[in-house]
Amino acid sequence: MSAIYTWGATNEKGESDPLCRVTLYALKGVWETEMERALVIGDTGGIGAALAATLRQRGVKVRGMSRRDGFDVTEPASVEAQLGALKDVFDLVFVASGALTSTRSGPEKALRDVSAEEMAAQFAVNAIGPALVLRHAKRLLPRKGRSIFAVLSARVGSIGDNRAGGWYSYRASKAALNQIVRTASIEIARTHRKAMCVALHPGTVLTPFTAGYPCHAKNTPEEAAGNLLDVVNGLKASDTGGFFDYSGARVEW
Numbered sequence: 001m002s003a004i005y006t007w008g009a010t011n012e013k014g015e016s017d018p019l020c021r022v023t024l025y026a027l028k029g030v031w032e033t034e035m036e037r038a039l040v041i042g043d044t045g046g047i048g049a050a051l052a053a054t055l056r057q058r059g060v061k062v063r064g065m066s067r068r069d070g071f072d073v074t075e076p077a078s079v080e081a082q083l084g085a086l087k088d089v090f091d092l093v094f095v096a097s098g099a100l101t102s103t104r105s106g107p108e109k110a111l112r113d114v115s116a117e118e119m120a121a122q123f124a125v126n127a128i129g130p131a132l133v134l135r136h137a138k139r140l141l142p143r144k145g146r147s148i149f150a151v152l153s154a155r156v157g158s159i160g161d162n163r164a165g166g167w168y169s170y171r172a173s174k175a176a177l178n179q180i181v182r183t184a185s186i187e188i189a190r191t192h193r194k195a196m197c198v199a200l201h202p203g204t205v206l207t208p209f210t211a212g213y214p215c216h217a218k219n220t221p222e223e224a225a226g227n228l229l230d231v232v233n234g235l236k237a238s239d240t241g242g243f244f245d246y247s248g249a250r251v252e253w
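To convert, note that position 242 of the sequence shown is 242 in this note's numbering; the numbers rise steadily by one, no gaps.
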């Protein structure tokens, strides 16, 4: 099925017509959106790279930022300098950076495994880093028109869904991230009424991130990217501040 592009369409006055849309037949059927520009933080990781590639396939202009460019979410000066230098606004800002472990070979299984070093490192990459990016959200998102700020969270960051225990640093850092997203969504909505700020659970994805962890089902990065973008495409303004999985279902806090 061929794609139909209507970018740059104008009305009879020669003005850009917001009613003109692009319809792209992509991974899971029809992709219909007004999205033109996206910023992907962590576009060299498994999910981040797939998100950037899929967006480009769907006709979106993508700006990627990662350690390849000297961008490090754990370095406040790096985040401030590089995001501060951006002049564009983006219809989608997607923070796809994160880490399952930082100073140890696997997540903690018991309280005796908890260390200040690992916990601090996990909070730096999974919670503080995205918060530093969020500081720039109101400038990076258009004040008028639909826009999305999305971050990769994880179901194990859900307090209500925690029935297995363990993974102290990762769980706590993702729970903190969810609170940051929820709080930021309230502030952003005051000036950007059509902006949606959400946390997304991608499912278990086949990347180096999950290597060595058994699971009943793992999606490829490309499948995960398609699922996440389908969720993004279906978001409404009332969904801002929400936590959703890859199928679009709400995840309890």
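We treat Cβ as the ideally placed atom computed from N, Cα and C, and that holds for glycine.
From the DSSP secondary-structure annotation, give me the bridge partner or partners of residue i.
i      : result
LYS61  : ARG37
LEU177 : According to DSSP, LEU177 bridges with nothing at all.
VAL93  : LEU39 and PHE149
HIS201 : ASP245
ALA237 : Answer by DSSP bridge pairing: none, since ALA237 is not bridged.
ALA195 : SER147
ARG250 : PHE244
At the level of alpha carbons, what is the spacing between residue i and residue j?
i      : j      : result
LEU55  : SER158 : 28 Å
PHE149 : LEU92  : 6 Å
ARG155 : ASP161 : 8 Å
ALA96  : GLY145 : 23 Å
GLY248 : GLY226 : 12 Å
GLY234 : PHE90  : 18 Å
TRP31  : VAL60  : Here TRP31 scores only 49 on pLDDT, less than 50, and its place in the model is too uncertain to base an answer on.
PRO107 : ARG163 : 16 Å
GLY166 : GLU34  : 42 Å
ASN219 : ASP245 : 13 Å
ARG135 : ARG68  : 22 Å
ALA237 : HIS192 : 10 Å
ILE186 : ASP239 : 11 Å
GLU118 : SER105 : 11 Å
GLY41  : TRP253 : Per the sequence shown, residue 41 should be read as Ile rather than Gly. Answer to the nearest angstrom: the Cα atoms are 24 Å apart.
VAL79  : ARG250 : 30 Å
ARG63  : THR103 : 30 Å
LEU39  : LEU229 : 13 Å
ALA131 : ARG58  : 28 Å
ARG143 : LYS109 : 45 Å
GLU36  : THR101 : 35 Å
ALA189 : THR183 : 10 Å
ALA52  : PHE94  : 10 Å
GLY48  : PHE71  : 14 Å
Report back the beta-carbon spacing between residue i and residue j to the nearest angstrom; my notes put them in contact at under 8 Å.
i      : j      : result
ALA224 : GLY203 : 6 Å
GLY46  : VAL205 : 6 Å
ALA127 : LEU177 : 5 Å
GLY129 : VAL181 : About 13 Å; that fails the 8 Å criterion.
ASP43  : MET65  : 7 Å
ALA258 : GLU222 : This structure cannot speak to residue 258, because the chain is shown only from 1 to 253.
VAL133 : VAL73  : 7 Å
SER153 : PHE243 : 6 Å
On the DSSP letters alone, give me the boundaries of the alpha helix (DSSP H) that residue i sits inside.
i      : result
LEU83  : 76-84
VAL232 : 221-234
LEU140 : 137-140
LEU100 : Careful: LEU100 lies outside any alpha helix (DSSP H) and carries neither H nor E.
VAL133 : 129-134
Residue i lies in the beta strand (DSSP E); which residues open and close that run?
i      : result
VAL114 : Premise fails: VAL114 is in no beta strand (DSSP E) and is neither H nor E.
ASP245 : 243-245
Could you check if residue i belongs to the surroundings of the ligand GDP, using beta carbon to heavy atom distance under 6 Å?
i     : result
ASP43 : For the ligand GDP, the structure offers nothing, since it holds no ligand at all.
Consider the Cβ of residue i: report whether some Cβ of chain D lies at a distance smaller than 7 Å.
i      : result
LEU228 : This model lacks chain D altogether; it includes just one protein chain.
Exercise. Could you tell me whether the stretch 115-131 touches the stretch 167-184, where touching means 3 or more Cβ pairs closer than 8 Å?
Key: yes
Quiz item: Is the stretch 109-116 in contact with the stretch 194-201, if contact means three or more CB pairs nearer than 8 Å?
Solution: no
Quiz item: Can we say the stretch 128-140 touches the stretch 70-85, given the rule of at least three CB pairs closer than 8 Å?
Solution: yes
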